[in-house]
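In this note's numbering, the protein residues as written are 1119 to 1516.
Dropping the structure here:
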């Protein structure tokens, strides 16, 4: 399909979920703030650089785009997850292993909690008996979505533990009966039944007013208003950034480091943070083969060149290197060679190997400083560990 083909589908400018299809077969499902703008972004000239070869293949294979409008981006996020779970589109499933996706779980307890659980932990105790919703591919957006929902229907989360009384006192959760109603409404919301929630709340508000429970009726009225005017500006911001994979919204950060002793047993590593969490299964080790002597920049160029031949590993939204302008220039040179437009930051260390500065795009550094430093320190730890393993092995062999 080509960009000119989009016009005949007359896509809406409203939030919703879109479907790239080949005939009746759904290839890919996504969400959008503007259905028209989002789908158009798949036809940019740098698609392979921004979204990777797999998404490019999906666009080429598709011959139709369908969509379903929603009242808000929040509802689009939830609908997208339910539809991916239902249809298991080829390119959604290929894009990421569902074990690394996030799910919302409502625990089966006397006082239920609403928590986020990784797919790989779903079958473990105590989550097996929980009511689950998902998968959600973007952990940061899911956390923001729950923050929005929590303002409408307060709930306890995994950090609350057993401090129900404390949370009740600060009015995070209402009295027990009302709390269970909140949980019921959260379930309905994740099932896409907002209309039923509104109908039930309006009925409850009238009954409360009739029995002169005006304070509680006012609370319900506020819930109705909040549900009808969902304030999801933060989700809209994130959603607008998402079509350009290498934006200020990095869902995958890769950090690189080199380790050696005076040029001997030189190794390099790649560590990964996905959606704000360490993704240790994505880590990679490299034995440096082309460099002799303590040439850190040469070693970095080698491992970056080898890494970016492996598009099947997925593509980072941000690259973190250990070093100053020299290391950043090496990274830029490699990425330019492969025609990838990915921002790069460099972490500069003091003589005790502690971070003293970060160089690169100031907006990215300001917003993602913690993740950058975590990725960098994890790369240093992993590189030292790999170097020691290799050194011990070589000593044993000799």
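Note that the Cβ used here is the ideal one computed from N, Cα and C, for glycine as well.
Ends of the beta strand (DSSP E) at residue i?
{"i": "residue 1160", "result": "Note, residue 1160: premise wrong, no beta strand (DSSP E); not H, not E."}
{"i": "residue 1254", "result": "1249-1254"}
{"i": "residue 1375", "result": "1370-1379"}
{"i": "residue 1467", "result": "1462-1467"}
{"i": "residue 1475", "result": "1473-1477"}
{"i": "residue 1182", "result": "1182-1187"}
So, helix, strand or coil for residue i, using DSSP?
{"i": "residue 1406", "result": "coil"}
{"i": "residue 1237", "result": "helix"}
{"i": "residue 1220", "result": "strand"}
{"i": "residue 1315", "result": "helix"}
{"i": "residue 1392", "result": "strand"}
{"i": "residue 1138", "result": "strand"}
{"i": "residue 1143", "result": "strand"}
{"i": "residue 1421", "result": "helix"}
{"i": "residue 1172", "result": "helix"}
{"i": "residue 1397", "result": "coil"}
{"i": "residue 1433", "result": "coil"}
{"i": "residue 1497", "result": "helix"}
{"i": "residue 1149", "result": "strand"}
{"i": "residue 1459", "result": "coil"}
{"i": "residue 1382", "result": "strand"}
{"i": "residue 1426", "result": "coil"}
{"i": "residue 1350", "result": "coil"}
{"i": "residue 1414", "result": "helix"}
{"i": "residue 1470", "result": "coil"}
{"i": "residue 1155", "result": "helix"}
{"i": "residue 1130", "result": "coil"}
{"i": "residue 1492", "result": "helix"}
{"i": "residue 1273", "result": "coil"}
For the alpha helix (DSSP H) that contains residue i, what are its first and last residues?
{"i": "residue 1343", "result": "1332-1346"}
{"i": "residue 1449", "result": "1443-1455"}
{"i": "residue 1259", "result": "1257-1270"}
{"i": "residue 1203", "result": "1191-1205"}
{"i": "residue 1440", "result": "Unbroken run through residue 1440 is the beta strand (DSSP E), 1436-1440; no alpha helix (DSSP H)."}
{"i": "residue 1277", "result": "From DSSP, residue 1277 is part of no alpha helix (DSSP H); its letter is neither H nor E."}
{"i": "residue 1306", "result": "1294-1308"}
Which value, in whole angstroms, describes the spacing of the CA atoms of residue i and residue j?
{"i": "residue 1137", "j": "residue 1382", "result": "53 Å"}
{"i": "residue 1209", "j": "residue 1316", "result": "35 Å"}
{"i": "residue 1250", "j": "residue 1225", "result": "9 Å"}
{"i": "residue 1377", "j": "residue 1229", "result": "51 Å"}
{"i": "residue 1263", "j": "residue 1192", "result": "6 Å"}
{"i": "residue 1497", "j": "residue 1267", "result": "36 Å"}
{"i": "residue 1499", "j": "residue 1222", "result": "32 Å"}
{"i": "residue 1309", "j": "residue 1207", "result": "20 Å"}
{"i": "residue 1391", "j": "residue 1151", "result": "26 Å"}
{"i": "residue 1148", "j": "residue 1198", "result": "6 Å"}
{"i": "residue 1131", "j": "residue 1297", "result": "37 Å"}
{"i": "residue 1492", "j": "residue 1458", "result": "24 Å"}
{"i": "residue 1502", "j": "residue 1445", "result": "19 Å"}
{"i": "residue 1253", "j": "residue 1302", "result": "20 Å"}
{"i": "residue 1333", "j": "residue 1339", "result": "10 Å"}
{"i": "residue 1144", "j": "residue 1172", "result": "15 Å"}
{"i": "residue 1397", "j": "residue 1276", "result": "21 Å"}
{"i": "residue 1455", "j": "residue 1427", "result": "11 Å"}
{"i": "residue 1135", "j": "residue 1237", "result": "23 Å"}
{"i": "residue 1231", "j": "residue 1307", "result": "15 Å"}
Could you say which of the options lies nearest to residue i if we only look at CA atoms?
{"i": "residue 1233", "options": "1333, 1445, 1181 and 1274", "result": "1274"}
{"i": "residue 1260", "options": "1196, 1186 and 1335", "result": "1196"}
{"i": "residue 1406", "options": "1400, 1490 and 1424", "result": "1424"}
{"i": "residue 1158", "options": "1188, 1140, 1171 and 1126", "result": "1126"}
{"i": "residue 1443", "options": "1464, 1437, 1435 and 1454", "result": "1464"}
{"i": "residue 1411", "options": "1491, 1220 and 1384", "result": "1384"}
{"i": "residue 1505", "options": "1242, 1408, 1397 and 1379", "result": "1379"}
{"i": "residue 1435", "options": "1416, 1429 and 1462", "result": "1462"}
{"i": "residue 1417", "options": "1433, 1439 and 1294", "result": "1439"}
{"i": "residue 1387", "options": "1402, 1452 and 1184", "result": "1402"}
{"i": "residue 1421", "options": "1448, 1485 and 1477", "result": "1448"}
{"i": "residue 1123", "options": "1146, 1142, 1133 and 1178", "result": "1178"}
{"i": "residue 1404", "options": "1227, 1393, 1389 and 1395", "result": "1389"}
Could you please give me the residues that DSSP links to residue i through a beta bridge?
{"i": "residue 1227", "result": "Bridge partners of residue 1227: none, in fact."}
{"i": "residue 1123", "result": "Note: residue 1123 sits in no beta bridge, so no partner."}
{"i": "residue 1211", "result": "None; residue 1211 has no bridge partner."}
{"i": "residue 1232", "result": "1224"}
{"i": "residue 1387", "result": "1375 and 1403"}
Would residue i count as contacting chain B if we go by Cβ distances under 9 Å?
{"i": "residue 1202", "result": "Within the model displayed, chain B is absent; a lone protein chain is all it includes."}
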